[in-house]
Amino acid sequence: MNAEPEPKPERRAAITGIGVVAPGAIGTEAFWKNTADGVTALGRIDREGCTHLPLRVAGEVHGFDPAEVIEDTYLVQTDRFTHFAMVATVWALEDARLGHADLDSPYSVGVVTAAGSGGGEFGQRELQKLWGSGSRHVGPYQSIAWFYAASTGQISIRGGFKGPCGVVAGDEAGGLDALAHAARTVGRGTDTVLVGAAEAPLAPYSMVCQLGYPELSTADDPRSAYTPFTPGARGFAPAEGGAMLVVESEEAAHRRGAPVRATVAGHAATFTGSGRWDRTREGLAHAIRGALAEADCAPEEIDVVFADALGVVDADRAEAAALVDALGPHGRRVPVTAPKTGIGRAYCAAPVLDVATAVLAMEHHLVPPTPNLTDPCCDLNLITDRPHPTPLRTALVLSRGLMGTNAALVLRTGASASR
Amino acid sequence: MTDQTTVQTAGPAAAQATGPVSVAELAALMRQTAGVAVDPDDLAARADTPFDAFGLDSLGLLGIVGELEKRHGRNLPDNAEQCKTPRAFLDCVNNTLATGA
Chain A
285 MNAEPEPKPE
295 RRAAITGIGV
305 VAPGAIGTEA
315 FWKNTADGVT
325 ALGRIDREGC
335 THLPLRVAGE
345 VHGFDPAEVI
355 EDTYLVQTDR
365 FTHFAMVATV
375 WALEDARLGH
385 ADLDSPYSVG
395 VVTAAGSGGG
405 EFGQRELQKL
415 WGSGSRHVGP
425 YQSIAWFYAA
435 STGQISIRGG
445 FKGPCGVVAG
455 DEAGGLDALA
465 HAARTVGRGT
475 DTVLVGAAEA
485 PLAPYSMVCQ
495 LGYPELSTAD
505 DPRSAYTPFT
515 PGARGFAPAE
525 GGAMLVVESE
535 EAAHRRGAPV
545 RATVAGHAAT
555 FTGSGRWDRT
565 REGLAHAIRG
575 ALAEADCAPE
585 EIDVVFADAL
595 GVVDADRAEA
605 AALVDALGPH
615 GRRVPVTAPK
625 TGIGRAYCAA
635 PVLDVATAVL
645 AMEHHLVPPT
655 PNLTDPCCDL
665 NLITDRPHPT
675 PLRTALVLSR
685 GLMGTNAALV
695 LRTGASASR
Chain B
885 MTDQTTVQTA
895 GPAAAQATGP
905 VSVAELAALM
915 RQTAGVAVDP
925 DDLAARADTP
935 FDAFGLDSLG
945 LLGIVGELEK
955 RHGRNLPDNA
965 EQCKTPRAFL
975 DCVNNTLATG
985 A
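As structure tokens, then:
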């Protein structure tokens, strides 16, 4: 799989709203504050049924009550990952000030989500009933709740959004592929697409599924469990939560007077196979070149890079090399950051949270830091201790998945003044 | 789509319900299994209104059928989950329960 850049869509895809539920930050405002301040939300896992497992540190979402936003009829038939996605969607629509009165037709709004983990908590509960008490005890919602497609479906049903819908069932990079799919959907004529990802991979069953990943950090100190680009890197800490974005055609946003906060300018993805991190140098560099070409963007125009930052020495080295391969000498100068070291990697949601951060960073002209990095060893201009104020017009977001996908996305700042 | 031959009972120790299912019990089940809040008196007064109007979809009704089968330790007919209104559903279920084992 080696995606060539697509023709530039006539209808540019504009990001007009952001909704976030992240570790340590329920809501976009709290998320940006934590991210800009470099706050660490990683912690020792304290969820019931999880504390005996060899995975010790993760980014958990505490104090999240979906019932404040979503009706019981939806909550009883959905998993935590869908609760995150539904709440984030409500907040993204509020942020975009997009209500049903603004919509020409229910067919003018589509939904695209990415999912890599599915509804593990719901699934585990029902499977325990199956084997503990018998099939009579398994509820019918098991048939829909743990599917990767659940969040797209429920967001569409609850909002009455009947436009083109889709699901990217993928690894981490799927989050960026979903954004690209949404942008193409807008390019083909749908006014609005609600797009993003949320994951809830910290139920006992889901955690056990991850224990086989050699890239998983089993360190038990939240300050040192996930430190990419350092000699002591020992893997990544997983996270739950996610973000949903409102993507509209620029024309539709202008028509209703909504500020264009950023545009999805370019994307490309490549596949280099799982576990072969040395090969991602070539795969990621090719994805970056493809995204730049689609965005009609010179390497020197990139003002900030949101790194994948896996936390595996070979992978980090490959990513640093890929940046220089694709951007030339600018790859060593451009500010690079990985705010996800403060919250962990929420699988498909990780790069979507980075996209949300990139939009907010461009609005504030501030590169947020990479928390917990004391001794970076790579040949990059990595922003570590404190946020770095600098004019930001164009951002590059990178993501690689454990199953071998590499993706790059170019965002440009909106024409509107920052708010 | 339940394969009735594979349905297991909860075991000999489980206390099993007897007698007909009331409107109040149905209202409680709608809340418990499908998250649909409905006042029992309102449900009784609108017993011929389709379940859809209360916000209960087909999977929700299927969940109620499953819960009743569990409580009564017996299978309900396949058409129970296809009933469109509370009255039709309660008639179907209670007729079955009244016929004995």
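As you go down the protein sequences, you meet chains A and B in turn.
Heads up, the first sequence is in my numbering, so the first residue is 285 and it goes up one at a time.
Heads up, the second sequence is in my numbering, so the first residue is 885 and it goes up one at a time.
By construction, the Cβ of each residue, glycine as well, lies at the ideal position given by its N, Cα and C atoms.
Note that the coordinates shown come from a computational prediction; the quantities given were computed from them, not determined experimentally.
* Since VAL588/A and THR547/A are thought to touch, with beta carbons under 8 angstroms apart, how far apart are those beta carbons, to the nearest angstrom? -> About 16 angstroms separates the two Cβ atoms, so there is no contact after all.
* With 16 other Cβ atoms within 10 Å as the buried cut-off, status of ARG507/A -> By the C-beta density criterion, ARG507/A is exposed, having fewer than 16 other C-beta atoms within 10 angstroms.
* Buried or exposed: TRP561/A, going by 16 or more other Cβ atoms within 10 Å of its Cβ? -> Buried: at least 16 other Cβ atoms inside 10 Å.
* Asked: Do the CB positions of ALA487/A and GLY574/A come within less than 8 angstroms of each other?
  -> Pairing ALA487/A with GLY574/A gives a Cβ-Cβ distance that is not under 8 angstroms.
* With 9 angstroms as the limit, tell me which residues of the stretch 352-364 of chain A have their beta carbon closer than that to any beta carbon of chain B; keep them in chain order. => Hits within the stretch, in order: GLU355, ASP356, THR357, TYR358, LEU359, VAL360 and GLN361.
* Asked: With 16 as the cutoff for other CB atoms within 10 Å, does GLU603/A come out buried or exposed?
  -> Sixteen is the threshold: when 16 or more other Cβ atoms of the shown chains lie within 10 Å of the Cβ of GLU603/A, as they do, the residue is buried.
* So, does the CB of HIS384/A fall closer than 8 angstroms to a CB anywhere in chain B? -> No - not a single Cβ of chain B is within 8 angstroms of the one on HIS384/A.
* Contacts that PRO350/A makes with chain B (C-beta to C-beta distance below 9 angstroms) -> Going along chain B, no residue has its Cβ under 9 angstroms from PRO350/A, so there is no contact; the nearest lies around 12 angstroms.
* Asked: Are THR625/A and ALA593/A closer than 8 angstroms when you measure CB to CB?
  -> Contact flag set, yes.
* Can a CB atom of chain A be found closer than 8 angstroms to the CB of VAL920/B? -> Yes, VAL920/B counts as interfacial toward chain A.
* For ALA434/A versus ASP321/A, is the C-beta spacing smaller than 8 angstroms? -> Between ALA434/A and ASP321/A, the C-beta spacing is not below 8 angstroms.
* Asked: Do VAL479/A and LEU529/A have their C-beta atoms within less than 8 angstroms of each other?
  -> Result yes, Cβ atoms of VAL479/A and LEU529/A sit closer than 8 angstroms.
* To do: State the DSSP-derived secondary structure class of VAL907/B, mapped to helix, strand or coil.
  => Of the three classes helix, strand and coil, the one that applies to VAL907/B here is helix, per DSSP.
* **7 angstroms CB neighbourhood of HIS465/A in its chain, flanking five on each side removed** => Within the same chain, HIS465/A has close Cβ partners VAL396, GLY450 and VAL452.
* Chain-ordered chain A contacts of LYS954/B [CB-CB under 8 angstroms] -> Going along chain A in sequence order, the residues near LYS954/B (Cβ under 8 angstroms) are ARG420 and HIS421.
* Per DSSP, ARG328/A is paired with what? -> Looking at the DSSP output, ARG328/A shares a beta bridge with VAL341/A.
* Asked: Taking Cβ positions, are THR514/A and CYS632/A nearer each other than 8 angstroms?
  -> Against a cut-off of 8 angstroms, the Cβ pair of CYS632/A and THR514/A comes out as no contact.
* Asked: Who are the neighbours of LEU856/B on chain A, taking C-beta pairs under 9 angstroms?
  -> The structure shown does not extend to residue 856/B, since chain B spans only 885 to 985, so no value can be given for it.
* Asked: When we look at the beta-carbon of SER906/B and count the other beta-carbons within 10 Å, is it buried (16 or more) or exposed?
  -> Under a 10 Å Cβ-count criterion, SER906/B is classified as exposed, with fewer than 16 other Cβ atoms of the shown protein chains found around its own Cβ.
* Proximal residues to ALA908/B (C-beta, below 7 angstroms), its chain only, five neighbours per side dropped -> Counting only residues of its own chain and dropping the five nearest sequence neighbours on each side, ALA908/B has a CB closer than 7 angstroms to the CB of PRO924.
* **Below-8 angstroms beta-carbon distance, LEU913/B vs any chain A residue** => Chain A, which has no Cβ nearer than 8 angstroms to the Cβ of LEU913/B, makes this no.
* To do: With PHE431/A as the anchor, note down where its beta strand (DSSP E) starts and where it stops.
  => For PHE431/A, no beta strand (DSSP E) encloses it, and the DSSP letter there is neither H nor E.
* To do: Please decide whether GLY903/B counts as near chain A, where near means a Cβ-Cβ distance under 8 angstroms.
  => For GLY903/B, not one C-beta of chain A is nearer than 8 angstroms to its own C-beta.
* To do: Determine the direct distance from the alpha carbon of VAL639/A to that of GLY919/B, and round the result to whole angstroms.
  => Cα-Cα distance, rounded: 34 angstroms.
* Asked: Along the stretch 922-951 of chain B, what residues have a CB closer than 7 angstroms to any CB found in chain A?
  -> Contact annotation: in the stretch 922-951 of chain B, residues whose CB is within less than 7 angstroms of a CB in chain A are GLY939, LEU943, LEU946, GLY947 and GLY950.
* Asked: Closest Cβ-Cβ distance between PRO506/A and chain B: below 8 angstroms?
  -> Not one chain B Cβ lies under 8 angstroms of PRO506/A.
* Would you kindly check if the distance between the Cβ of ALA571/A and the Cβ of THR554/A is under 8 angstroms? => A contact, by the Cβ cut-off of 8 angstroms.
* Beta carbon of ALA503/A: closer than 7 angstroms to some heavy atom of the ligand SAH? -> With respect to the ligand SAH, the structure shown offers nothing to examine, as it has no ligands at all.
* To do: Under 8 angstroms by Cβ, that's how I've got VAL341/A and SER501/A pegged, so tell me the actual separation to the nearest angstrom.
  => About 7 angstroms separates the two Cβ atoms, so the contact holds.
* To do: Spell out whether any CB of chain A is found under 8 angstroms from the CB atom of THR980/B.
  => Using a CB distance cut-off of 8 angstroms, THR980/B does not count as an interface residue toward chain A.
* To do: Could you name the residues of chain A that THR917/B contacts, counting a contact when the two beta carbons are closer than 8 angstroms?
  => Ordered by position in chain A, the residues that pass the 8 angstroms Cβ test against THR917/B are VAL360 and GLY423.
* To do: Starting from the Cα of GLY327/A, find the closest Cα among GLU532/A, PRO635/A, TYR510/A and HIS367/A and give me that residue.
  => It is TYR510/A.
* Verify whether the separation of the beta carbon atoms of ARG696/A and GLU953/B is less than 8 angstroms. => For ARG696/A and GLU953/B, no; Cβs fall outside 8 angstroms.
* To do: Grab me the residues of HIS367/A's own chain with a C-beta within less than 7 angstroms of its C-beta, minus the 5 sequence neighbours each way, in chain order.
  => Cβ neighbours of HIS367/A beyond the five flanking positions: PRO350, ILE354 and LEU359.
* To do: Could you tell me the distance, in whole angstroms, from the CA atom of ALA692/A to the CA atom of ASN963/B?
  => Across the structure, ALA692/A and ASN963/B are spaced so that their CA atoms are roughly 52 angstroms apart.
* Asked: Along the chain, where does the beta strand (DSSP E) that runs through HIS551/A open and close?
  -> Looking at the DSSP string, the run of the beta strand (DSSP E) that includes HIS551/A is 546-555.
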